[in-house]
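Asker: I am attaching a structure below and will ask some questions about it afterwards.
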Amino acid sequence: HNKNITSDKYDILKMLSNAIKEENITPVFQPIVDVKSGKIKIFQSLIRIREGGHLFGPKIFLQLSMDMGQMIILTKLMIRSTLESLQKLPKEVLVSISLSSYDFEDDSLMTYIDFWMERKAVCSKNIAFQIEDSLDEVKSKKVLESILKLKEKGFKIILNSYGLSKFNLSNIFLIKPDFIKLQEDTVDRIEVDNKALLVIQKIIDIANILGSEVIISHISDRNQIDLIKSCHINLMQGFAISPPFEVDYNE
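Following the working numbering, the numbering of the sequence shown begins with 534 at its first residue and continues without gaps.
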């Protein structure tokens, strides 16, 4: 990777405005698999910017794009490019797209989603929206209403970062998500702390009541997979299972 681009704010800014102007927003897809069968159940669409032959991940540009108020433009380009990639992905696998509460503040978001879904002839049951904020941040009535509206339209909902320090039961029972994704450090915690395992068990119990499936991510080695198999978690994701891949449009 071009080292300068990652350290200099001006370079990142230039890359960001370039990406928006040239629409160089590329999704990569990471499989989320069924713990028991190993079958791919979801492809998570992850944002990358293509610059000078390299793909750059959100750690580099996300904070700056929020500060500059460009977040919603990136989200919209991601929605569009993800929907454009669908014809290259297996039909029976759900595809998830990330949304944050920032995105819901934009009044044109829903219309934009409807427009591209119709334009690309995609059925809502094939798409999941992953809500990136912890439920404690989903305070605003508008955000909750938007999530419920997406559910009504037939989209699946994944609540992200649910876990050991974040419990908001009233929201989770209100939204009744299709999937609950445990917070990123869960797998590291359960390796060292039995108490963490008990908390995970409680979350799994709640998920069962709601009819939701539980996803654990950031699985980085094979030993963690064996540990997860003993935990009654439904789905798993991480580099030990499969790194993200790019769809080849030239095939």
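Think of the CB as a built atom: it goes at the ideal place given N, C-alpha and C, for glycine as much as any other residue.
To the nearest angstrom, how far is it from the Cα of E584 to the Cα of Y543?
Answerer: Residue 584 sits at position 51 when you count from the first residue of the sequence shown. Residue 543 sits at position 10 when you count from the first residue of the sequence shown. The alpha-carbon atoms of E584 and Y543 are separated by roughly 15 Å.
Asker: Between L616 and V561, is the Cβ-Cβ spacing less than 9 Å?
Answerer: Position 83 of the sequence shown, counting from 1, holds the residue named residue 616. Position 28 of the sequence shown, counting from 1, holds the residue named residue 561. Note that the C-beta distance between L616 and V561 is not below 9 Å.
Asker: Under the rule that 16 or more other beta-carbon atoms within 10 Å means buried, what is E746, buried or exposed?
Answerer: Walking along the sequence shown from the start, residue 746 turns up at place 213. Label assigned to E746: buried.
Asker: With a Cβ-Cβ cutoff of 9 Å, do Q603 and L677 count as a contact?
Answerer: As a first step, residue 603 must be located in the sequence shown, where it is residue number 70. As a first step, residue 677 must be located in the sequence shown, where it is residue number 144. Taking 9 Å as the Cβ cut-off, Q603 and L677 do not qualify as a contacting pair.
Asker: How would you call T644, buried or exposed, if buried means at least 16 neighbouring beta carbons within 10 angstroms?
Answerer: Reading the sequence shown from its first residue, position 111 is the one you call residue 644. When all chains shown are included, T644 counts as exposed.
Asker: Assuming I691 and I733 form a contact by the criterion Cβ under 8 Å, report the distance between their Cβ atoms to the nearest whole angstrom.
Answerer: Counted from its first residue, the sequence shown places residue 691 at position 158. Counted from its first residue, the sequence shown places residue 733 at position 200. Actually they are not in contact, since the Cβ atoms of I691 and I733 sit about 17 Å apart, beyond 8 Å.
Asker: Use the C-beta contact count for D721: other C-beta atoms within 10 angstroms, 16 or more gives buried, fewer gives exposed.
Answerer: Taking the first residue of the sequence shown as 1, we reach residue 721 at position 188. Answer is exposed; the Cβ neighbour count stays below 16.
Asker: Do you know offhand how far S679's Cα is from W649's?
Answerer: For the purposes of this step, residue 679 is taken as the residue at position 146 of the sequence shown. For the purposes of this step, residue 649 is taken as the residue at position 116 of the sequence shown. CA-CA distance, S679 to W649, rounds to 17 Å.
Asker: Identify, in the order they occur along the chain, each residue of the same chain with its Cβ nearer than 6 Å to the Cβ of I575, setting aside the five sequence neighbours on each side.
Answerer: Mapped onto the sequence shown, residue 575 falls at position 42. Counting only Cβ-Cβ distances below 6 Å, and skipping sequence neighbours, we find I565, L627, S629.
Asker: If the criterion is Cβ atoms closer than 9 Å, does the pair A773 and I758 meet it?
Answerer: Here the question's residue 773 lines up with position 240 in the sequence shown. Here the question's residue 758 lines up with position 225 in the sequence shown. Yes.
Asker: Within the same chain, show all residues whose beta-carbon is closer than 7 Å to that of T608, passing over the 5 residues directly before and after it, in chain order.
Answerer: The residue labelled residue 608 in the question sits at position 75 within the sequence shown. Correct list, in chain order: L632, D636.
Asker: Given this structure, state the Cα-to-Cα distance separating K686 from D541, to the nearest angstrom.
Answerer: Walking along the sequence shown from the start, residue 686 turns up at place 153. Walking along the sequence shown from the start, residue 541 turns up at place 8. So the alpha carbons of these two residues sit roughly 42 Å apart.
Asker: Quick check: what's the CA-CA separation for K675 versus I606?
Answerer: Position 142 of the sequence shown holds residue 675. Position 73 of the sequence shown holds residue 606. Taking the straight line joining both Cα atoms gives about 19 Å.
Asker: Which one of P591, Q577, G586 has the shortest CA to CA distance from I545?
Answerer: Within the sequence shown, residue 545 is the residue found at index 12, counting from 1. Here the closest residue by C-alpha is P591.
Asker: Between the C-alpha atoms of E784 and K728, what's the straight-line distance to the nearest angstrom?
Answerer: Residue numbering aside, residue 784 sits at position 251 when the sequence shown is read from its first letter. Residue numbering aside, residue 728 sits at position 195 when the sequence shown is read from its first letter. For E784, the pLDDT reaches just 49, beneath the cut-off of 50, and the residue's location in the model is therefore unreliable, leaving the point undetermined.
Asker: Does DSSP classify K686 as helix, strand or coil?
Answerer: Stepping through the sequence shown from its first residue, residue 686 is reached at position 153. Three-state result, K686: coil.
Asker: For F485 and I646, what's the separation of their Cα atoms in angstroms?
Answerer: It is not possible to answer for residue 485, since the shown part of the chain is limited to 534 through 784.
Asker: If you count every other CB in all the chains shown that lies within 10 Å of the CB of Q596, and 16 or more means buried, which is it?
Answerer: Position 63 of the sequence shown, counted from the start, is the residue given in the question as residue 596. With fewer than 16 other Cβ atoms within 10 Å, it is exposed.
Asker: Between the beta-carbon of N767 and the beta-carbon of V568, is there less than 9 Å?
Answerer: Walking along the sequence shown from the start, residue 767 turns up at place 234. Walking along the sequence shown from the start, residue 568 turns up at place 35. In contact: N767 and V568 (Cβ atoms closer than 9 Å).
Asker: Does L681 come out as helix, strand or coil in the three-state DSSP assignment?
Answerer: Along the sequence shown, read from residue 1 onward, the residue named residue 681 stands at position 148. Looking at L681 - three-state DSSP - the assignment turns out to be helix.
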